[in-house]
Each structure stands twice: as structure tokens, then as C-alpha cells.
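What follows is a set of notes on a single structure, which appears directly below.
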Amino acid sequence: MCDRYPIVYDILWALSFHHDIQQQLRSNQTLMLRLNHLKQELHYEPMGKITYGILWNLKSMYENRDSTDKGDETMFDIMISYSHKDKIFCKRLYDELIKTGYRVWIDFDQIHGNVMDAMAQAIEQSNAIIICMSEQYRRSNYCRAEASYAFQRRARIVPILLQEHYQPDGWLLFLVGQLIYVDYTKYEFLDAMEMLIRELKAPVLHDDNVLRVESREDASMMNSSLSITRRQSTFPVLAENILDWTQTDVRDWLIDHNLTQMSHLLSDYNGPSLINFYKYLTTAESHQILKLLQEDSLRRTNQSLSIVELARLQNLIDQQQKLFQMKKNTERSNKKSNKHIRNQLNFCKIT
Numbered sequence: 001m002c003d004r005y006p007i008v009y010d011i012l013w014a015l016s017f018h019h020d021i022q023q024q025l026r027s028n029q030t031l032m033l034r035l036n037h038l039k040q041e042l043h044y045e046p047m048g049k050i051t052y053g054i055l056w057n058l059k060s061m062y063e064n065r066d067s068t069d070k071g072d073e074t075m076f077d078i079m080i081s082y083s084h085k086d087k088i089f090c091k092r093l094y095d096e097l098i099k100t101g102y103r104v105w106i107d108f109d110q111i112h113g114n115v116m117d118a119m120a121q122a123i124e125q126s127n128a129i130i131i132c133m134s135e136q137y138r139r140s141n142y143c144r145a146e147a148s149y150a151f152q153r154r155a156r157i158v159p160i161l162l163q164e165h166y167q168p169d170g171w172l173l174f175l176v177g178q179l180i181y182v183d184y185t186k187y188e189f190l191d192a193m194e195m196l197i198r199e200l201k202a203p204v205l206h207d208d209n210v211l212r213v214e215s216r217e218d219a220s221m222m223n224s225s226l227s228i229t230r231r232q233s234t235f236p237v238l239a240e241n242i243l244d245w246t247q248t249d250v251r252d253w254l255i256d257h258n259l260t261q262m263s264h265l266l267s268d269y270n271g272p273s274l275i276n277f278y279k280y281l282t283t284a285e286s287h288q289i290l291k292l293l294q295e296d297s298l299r300r301t302n303q304s305l306s307i308v309e310l311a312r313l314q315n316l317i318d319q320q321q322k323l324f325q326m327k328k329n330t331e332r333s334n335k336k337s338n339k340h341i342r343n344q345l346n347f348c349k350i351t
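With UniProt numbering, the residue at position 150 of the sequence shown is 150, and numbering never jumps.
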């Protein structure tokens with residue numbers, strides 16, 4: 001029987017994140033009965049956690065959860081989503097955020113039992129989700145479930161990078177590909193903390209509200225202030241491939257990412273032009289680039305070049321290209337998975 005080999009169920013959990021595979025798993029009545037039996041039988045054991053995860057992905061455990069906003073039920077400013085291999089670092093992160101005045105939810109003891117409902121409740125009751133990115137995080141099915149549910153709920157996600165030389169890839173790149181993250185491998189811890197707190201306090205567009213994650217001290221000072229103006233999100237629907245962007249697409253994309261100066265400087269750029277500009281930024285001598293761009297900026301916008309905007313632009317283009325490449329790779333992977341899923345399920349006869 002396959003339950004003698006937990007790795008089989010862990011593989012099924014990973015496969016169950018793919019929409020094309022979910023229907024095939026749901027239609028296997030023997031498998032579904034076995035999963036529900038194991039969920040009850042191994043409730044407090046690691047295998048129970050895996051079966052909860054599979055059933056969660058197959059919609060049988062949360063299809064009736066309230067999908068509306070639960071802003072009135074918010075109990076935490078921040079939830080920290082992390083791999084337990086990064087527990088020591090995250091304990092330090094947690095302590096620093098608590099010291100700053102934030103209400104923080106974190107699972108230090110690895111919840112047992114119905115872990116998926118506990119995870120979902122924590123996300124629903126938090127204003128922002130800090131995703132602690134590392135290779136171990138990307139490999140964890142449970143971390144993937146947390147991040148995916150936060151993404152599905154349209155929660156505010158603030159990524160931080162913990163592992164040196166690691167670049168987000170796979171499903172993780174898909175979720176955070178267009179977000180700016182704080183790199184804890186590049187800066188001293190306290191300097192990175194300042195950057196993280198600035199990011200948490202910065203207003204962002206989320207549905208029809210501008211939200212700010214505040215510590216208790218900030219909240220008390222804001223009580224007497226005017227409320228933040230409600231605005232409708234204006235992010236355009238863009239082609240995934242930058243090469244397909246028009247001049248209007250490029251301009252709107254720059255403005256929506258608060259790159260106002262760049263939107264003027266590159267006002268006549270379309271997608272291919274933007275890619276050529278990016279190649280020039282990454283291959284030419286940096287001193288020469290800055291000199292020429294400074295001259296061009298003064299001539300075209302009557303403003304000195306913003307190095308901050310230039311750095312953000314380069315990072316955003318890089319992330320957009322990686323996101324597009326990842327989606328192409330995922331499509332190829334899904335096609336291969338669909339070909340092999342029946343063989344994998346037949347190999348393990350669930351009884």
C-alpha cells in the first residue's frame with residue numbers, strides 16, 4: 001500500500017497544485033476515500049499533514065470557505081511564511097518586528113492536526129504576508145500552499161530573500177515575480193530591517209483601497225489623521241512578453257510602478273525598445289551609461305536622472321522576463337506531467 005511510502009503522497013501533493021491534474025485525482029474515488037481515511041487515522045502525524053494538503057488543493061476542504069474580505073476580523077499586522085530550516089533567522093525577524101510594535105503571527109512549533117485551516121485563518125486575519133524566500137521554501141509543498149492561498153486571497157505579499165545566490169524560480173517566481181523584495185543576503189540585518197519596515201509602511205493598491213501596514217504606535221498616531229483616499233487599481237492587463245508591448249503599454253507599466261521620470265524619459269519606447277535598453281544597461285560600462293542617461297534626462301525632461309528609478313526599472317524588467325520564461329517552462333512541464341500522470345497513478349495502486 002502506498003501509505004507505507006509517504007514520499008508517494010508528497011509527490012501527489014506536488015502534482016495536485018496543477019489544475020489539469022486535479023480533476024484526474026478527484027475522479028479517482030478510491031484515492032479520495034483513502035485520503036479521507038488517512039486524514040482521520042493519521043490526524044496528528046506528518047502523513048496527516050500531507051493528506052490535508054492534498055485534499056485542500058482538491059477543493060474538498062475549503063470550497064465553502066467565505067471568500068469575502070475579512071478586514072473586520074484582522075488580528076495581526078503580519079504573518080511570516082517560512083521554511084522551518086530557516087527557523088533561527090525567522091525567530092530573529094519575529095523578535096525585531098515585535099519590538100517595533102507589530103502584531104505578528106508565526107508558527108514556531110509546526111501546527112499539527114488540520115494545518116490547512118489554521119494556515120488559512122492566519123492569512124485571513126493578517127494585513128500582510130512576509131514570504132521568506134529560499135530554495136527550501138520553494139521545495140516545500142506546505143510553503144507553496146501558504147503562498148498560493150495568500151496570492152489567491154489577494155493578500156499583500158512582501159517577499160524577503162534569505163539565501164545567498166538563490167533566485168526565485170518555478171511557482172515561487174510566478175507569485176512574486178513582479179514584486180520588489182528585500183535582500184537580507186546583501187545588507188546587514190538591521191539595515192535590511194529598516195528597508196522591510198519602510199516597505200510594510202508604504203501605501204499600496206489592493207483591490208479598491210490603499211492599504212498601509214502599521215505598527216500599534218503608527219496606528220495610534222494615525223487615529224487623528226485623515227483616512228487614506230480610496231482609489232481603484234489601475235494596473236493594465238499586459239501581454240506577458242515584453243516584446244509584445246506597445247508604447248502605451250510601456251508608459252502605463254512605468255507609471256503604475258511609480259517610475260514617473262522613466263515614463264517621460266522613455267516616452268517613445270515600445271516593448272522591443274525597452275528590451276534593447278535593458279540589454280544596454282546590463283552589458284555596457286556603468287559609468288558611460290550613467291553619463292549618457294544623465295545628459296539625455298536633462299535634455300528630455302529637464303531633470304537629473306533618478307538612480308533609484310533606474311535601478312528599480314532594471315530590476316522590474318529582469319523580473320518580468322523571468323516571469324515570462326517561467327510561464328513558458330511551466331506550460332512545457334504541465335504537458336509532460338499530463339502525459340505521465342496516469343502512469344504514476346497506476347504505478348501506485350491505492351487500495
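The C-beta atom is built at its ideal place from N, Cα and C for all residues, glycine as well.
Short Cβ contact (9 angstroms threshold) for Tyr82 with Ile131: yes
Under 9 angstroms between C-beta atoms of Leu172 and Arg138: yes
CA nearest to the CA of residue 379, picked from Asp318, Glu194, Phe151: Residue coverage of the chain in this structure runs from 1 to 351, which leaves residue 379 outside it and unanswerable.
Proximity below 9 angstroms, CB of Ile78 to CB of Cys90: no
Close Cβ partners of Arg332 (< 7 angstroms) along its chain, the five nearest in sequence each way excluded: none
Per-residue DSSP class, three states only, for Trp245: coil
Pick from Met326, Gln261, Lys279 that is closest to Val308, judged by C-alpha positions: Gln261
C-beta contact flag for Leu310 and Ile275 at 9 angstroms: no
C-beta contact flag for Thr51 and Leu33 at 9 angstroms: no
Exposure of Pro168, with buried meaning 16 or more beta-carbon neighbours within 10 Å: buried
Cβ contact check for the segment 142–157 and the segment 174–184: 3 or more pairs under 8 angstroms: yes
Of the residues Thr246, Asp256, Asn258, the one placed nearest Tyr269, counting alpha carbons only: Thr246
Spatial distance of Asp249 from Leu238 (CA atoms): 7 angstroms
Under the three-state DSSP convention, the category Ser81 falls into: strand
Closest by C-alpha distance to residue 360, when choosing among Lys87, Gly101, Ile180, Gln125: Only positions 1 to 351 of the chain appear in this structure, which leaves residue 360 out of reach.
Residue nearest to Lys49 in terms of C-alpha spacing, selected from Asn141, Ser304, Leu313, Ser263: Asn141
Residue from Met133, Leu31, Leu323, Val115 with nearest C-alpha to Ile80: Met133
Nearest-angstrom beta carbon gap, Leu179 and Ile160 [assumed within contact, 8 angstroms]: Not quite, the Cβ-Cβ distance comes to about 11 angstroms (not below 8 angstroms), so this is no contact.
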